[in-house]
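Residues in the sequence shown are numbered from 164 upward in steps of one, following this note's numbering.
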Amino acid sequence: MPALRSLVVAFGIVLMLAATDARPRAETADRAVVRAFLTLLVGEESDKARAWELIETQWQPSFLPMALETIRLTRSAEVSGVLVSIMERKTGAGLGHDLDAWQRRMWNAPEARHPRYAAFKSALYSLIDPRFSAYFDTAGETLIRLDEIVWGGVRQDGIPPLRNPAMLAAEDALYLEDDNIVFGISVNGDARAYPKRILAWHEMFFDTVGGVPVAGVYCTLCGTVILYRTEHEGVHHRLGTSGFLYRSNKLMYDRDTQSLWSTMLGAPVVGPLAGKGIALESGPVVTTSWGEWRRRHPGTRVLSLDTGHRRDYAEGAAYRDYFATDALMFSVPVLDTRLKNKDGV
């Protein structure tokens, strides 16, 4: 059923884009380009030749992000091959099917944003999850480049956050060894430990610690753990995992407006809340061993293995293959080569 709803949403947007009555010619042409890219994914085979012709004859630098995202989502080798050929002819870059190289080239040039790029992104990712369409509302503010927002491979909250998780007294946490890594916080004297082996599967927790509603955000890809107070100027922001990334760092979303939030900044960067001066207050997090945290905070509580989800919560099990190499899962515009990509700092 979710797949069917996604197709209905996408086709609805395609039909909306196809309506051209009483619209200026330039706007009609912009919509036709977006419709052409979507046709390559969800249109009839008989319409794809016309879509390729329109894309090639009307090509502009602003088409490149749409072409790359279409290639990433299509299962058709023909669609990928034709689009790569068009990209190479129009840009003069012989990068073939190396999409990471295309992205780096694009991100290191000034942004060329098509007037209907947000609408395209909305329609495109609604094929995966209809809730994604609200992230790229054309009326919303954008404080980061839209073409740097990439899909992480999961639906909204597809990596399930822990909300008001079950906790244990330290003496009851028999599953933990002293050398296991935990993320420790203390708010108003209330000490809590969130083992990395659990949080790596969930990436976010929402809890009330010391009477304060907080969110702990762990981005497994970049190793950051940040604690935020989720209330700002009397408004409680109900956050979650958007399913998208910016420069290999997860983007959050809020349930009320579907704005996208920067994990690093604790602030909305795309959507209705972006540019409104909202920034969540951050708090300290200690990364240490369970034995050391328990020694310093004997009254601490710690996450229970009873999370409501079935995962391999063994130490080091999550993302084992990812951390076994220095390769990145998602491209970034620039790499600092003084350290390896995954060196801890």
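For every residue, glycine included, the Cβ atom is placed at its ideal position computed from N, Cα and C.
Since we're looking at a predicted model, the values are computed, not measured.
Start-to-end residues for the beta strand (DSSP E) that takes in residue i
i      : result
Ile348 : 344 to 350
Met229 : It is not in any beta strand (DSSP E) - Met229 instead sits in the alpha helix (DSSP H) that spans 227 to 236.
Ala297 : Element bounds for Ala297: n/a, residue is neither H nor E.
Met415 : 412 to 417
Pro431 : 430 to 434
Thr393 : Taken as a continuous stretch (DSSP letters only), Thr393 belongs to no beta strand (DSSP E), as it is neither H nor E.
Cys382 : 375 to 382
Ile322 : Here Ile322 belongs to no beta strand (DSSP E), and DSSP marks it neither H nor E.
Gly403 : 402 to 409
Ile312 : 312 to 314
Ala367 : Note on residue identity: the sequence assigns Met, not Ala, to residue 367. Run containing Met367: 367 to 372, per the beta strand (DSSP E) assignment.
Ala336 : It is not in any beta strand (DSSP E) - Ala336 carries neither H nor E in the DSSP assignment.
Ser422 : From DSSP, Ser422 is part of no beta strand (DSSP E); its letter is neither H nor E.
Ala332 : 330 to 332
Buried/exposed call for residue i, threshold 16 Cβ in 10 Å
i      : result
Gln266 : buried
Val245 : buried
Gln421 : buried
Arg418 : exposed
Ser405 : buried
Phe486 : exposed
Gln223 : exposed
Ser349 : buried
Lys413 : buried
Glu366 : buried
Leu390 : buried
Gln221 : exposed
Val247 : buried
Pro324 : buried
Tyr292 : According to the sequence as given, residue 292 is Asp; it is not Tyr. When all chains shown are included, Asp292 counts as buried.
Residue span of the alpha helix (DSSP H) that contains residue i, given as start and end
i      : result
Phe486 : 483 to 486
Thr254 : 240 to 254
Leu217 : 208 to 220
Ser289 : 280 to 289
Ala264 : 262 to 270
Arg360 : 359 to 362
Cut-off 6 Å between Cβ atoms - residues of its own chain near residue i, not counting five sequence neighbours on either side
i      : result
Ser425 : Val432
Glu444 : Arg392
Ala264 : Leu258
Leu362 : Tyr381
Leu402 : Ala378, Met415, Asp417
Phe200 : Met229, Thr233
Leu436 : Thr420, Ser422
Ala214 : Ala199, Thr202, Leu203
Ala336 : Val465
Leu339 : Trp453
Contacts around residue i, its chain only, beta-carbon distance under 7 Å, and the 5 residues preceding and following it disregarded
i      : result
Lys503 : Asp489
Glu394 : Pro376
Arg326 : Phe369
Val495 : Arg410, Ser411
Neighbourhood of residue i by C-beta, 8 Å cutoff - its chain only, sequence neighbours within 5 removed
i      : result
Asp184 : Confidence at Asp184 is low in this model, with a pLDDT of 43, below 50, so the placement of that residue is unreliable and no value is reported for it.
Ser243 : Ile234, Thr237, His260
His399 : Pro376, Thr393
Pro328 : Phe368, Asp370, Leu466, Ser467, Thr470
Asp210 : Thr202
Met330 : Arg355, Arg464, Val465, Leu466, Ser467
Val196 : Leu217, Ile218, Gln221, Phe226, Met229, His277, Arg279
CB contact check: residue i to chain D, cutoff 8 Å
i      : result
Val398 : Given the protein chain composition of this structure (a single chain), no chain D is represented.
Could you say if the stretch 188 to 204 and the stretch 224 to 233 meet the contact criterion of at least three C-beta pairs nearer than 8 Å?
At 8 Å Cβ cutoff, the stretches touch.
contact_flag[the stretch 366 to 381, the stretch 272 to 290] where n(CB pairs < 8 Å) is 3 or more
No, the stretch 366 to 381 does not touch the stretch 272 to 290.
Specify whether the stretch 452 to 468 and the stretch 332 to 348 touch according to this definition: at least 3 beta carbon pairs, one from each stretch, less than 8 Å apart.
Yes, the stretch 452 to 468 is in contact with the stretch 332 to 348.
Examine the Cβ distances between the stretch 464 to 483 and the stretch 348 to 357 and report whether three or more of them are shorter than 8 Å.
Yes, the stretch 464 to 483 is in contact with the stretch 348 to 357.
Touching by the beta-carbon criterion (3+ pairs, under 8 Å), the stretch 272 to 283 and the stretch 295 to 315
Yes, since at least three Cβ pairs between the stretch 272 to 283 and the stretch 295 to 315 fall closer than 8 Å, the two stretches touch.
Could you say if the stretch 247 to 257 and the stretch 480 to 487 meet the contact criterion of at least three C-beta pairs nearer than 8 Å?
Cβ pair count under 8 Å is below three, so no.
Enumerate, from N- to C-terminal direction, the unbroken alpha helix (DSSP H) stretches of 4 or more residues contained entirely within the stretch 437 to 502.
If we require 4 residues or more, the alpha helix (DSSP H) runs fully inside the stretch 437 to 502 come out as 453 to 459, 483 to 486.
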